[in-house]
């Protein structure tokens, strides 16, 4: 796999993980907020993050970078990506 595609893949997978963490944090904040205005803002942020995560998941799936249903393939893909990252350092 060429370096540019691997970089895009790495950034996409990092964004997926970051977005998931942001969604968890936003959900927690949403449950704790006391004002309707803040609740509305957080709800919109959560909805936007959900759409963004879905788009990233679709991209990763279409490119063969992420397979939620085949664990063995996903482990191989993750190992290849880790080897590539290790080689560039």
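Numbering (full-length UniProt numbering), first residue to last: 1 to 89.
Note that CB positions come from ideal geometry on N, CA and C, so glycine has one too.
Self-check item: DSSP-derived helix/strand/coil call for residue 84
Solution: If you number the chain shown from 1, residue 84 lands on position 84. Reduced to three states, the DSSP call for residue 84 is helix.
Practice problem: Could you have a look at residue 39 and say whether DSSP puts it in helix, strand or coil? | Solution: Reading the chain shown from its first residue, position 39 is the one you call residue 39. DSSP places residue 39 in helix when its eight states are reduced to three.
Self-check item: Environment of residue 9 [buried if 16+ CB atoms lie within 10 Å]
Solution: One-based indexing of the chain shown puts residue 9 at position 9. By the Cβ neighbour-count rule, residue 9 is buried, with 16 or more other Cβ atoms within 10 Å of its own.
Quiz item: Where does the unbroken alpha helix (DSSP H) through residue 32 begin, and where does it stop?
Solution: The residue you call residue 32 lines up with position 32 of the chain shown. Residue 32 -> alpha helix (DSSP H) spans 3-32.
Exercise. Report all residues from its chain with a CB closer than 7 Å to the CB of residue 52; omit the five preceding and five following residues, and keep chain order.
Key: One-based indexing of the chain shown puts residue 52 at position 52. Cβ neighbours of residue 52 beyond the five flanking positions: 19.
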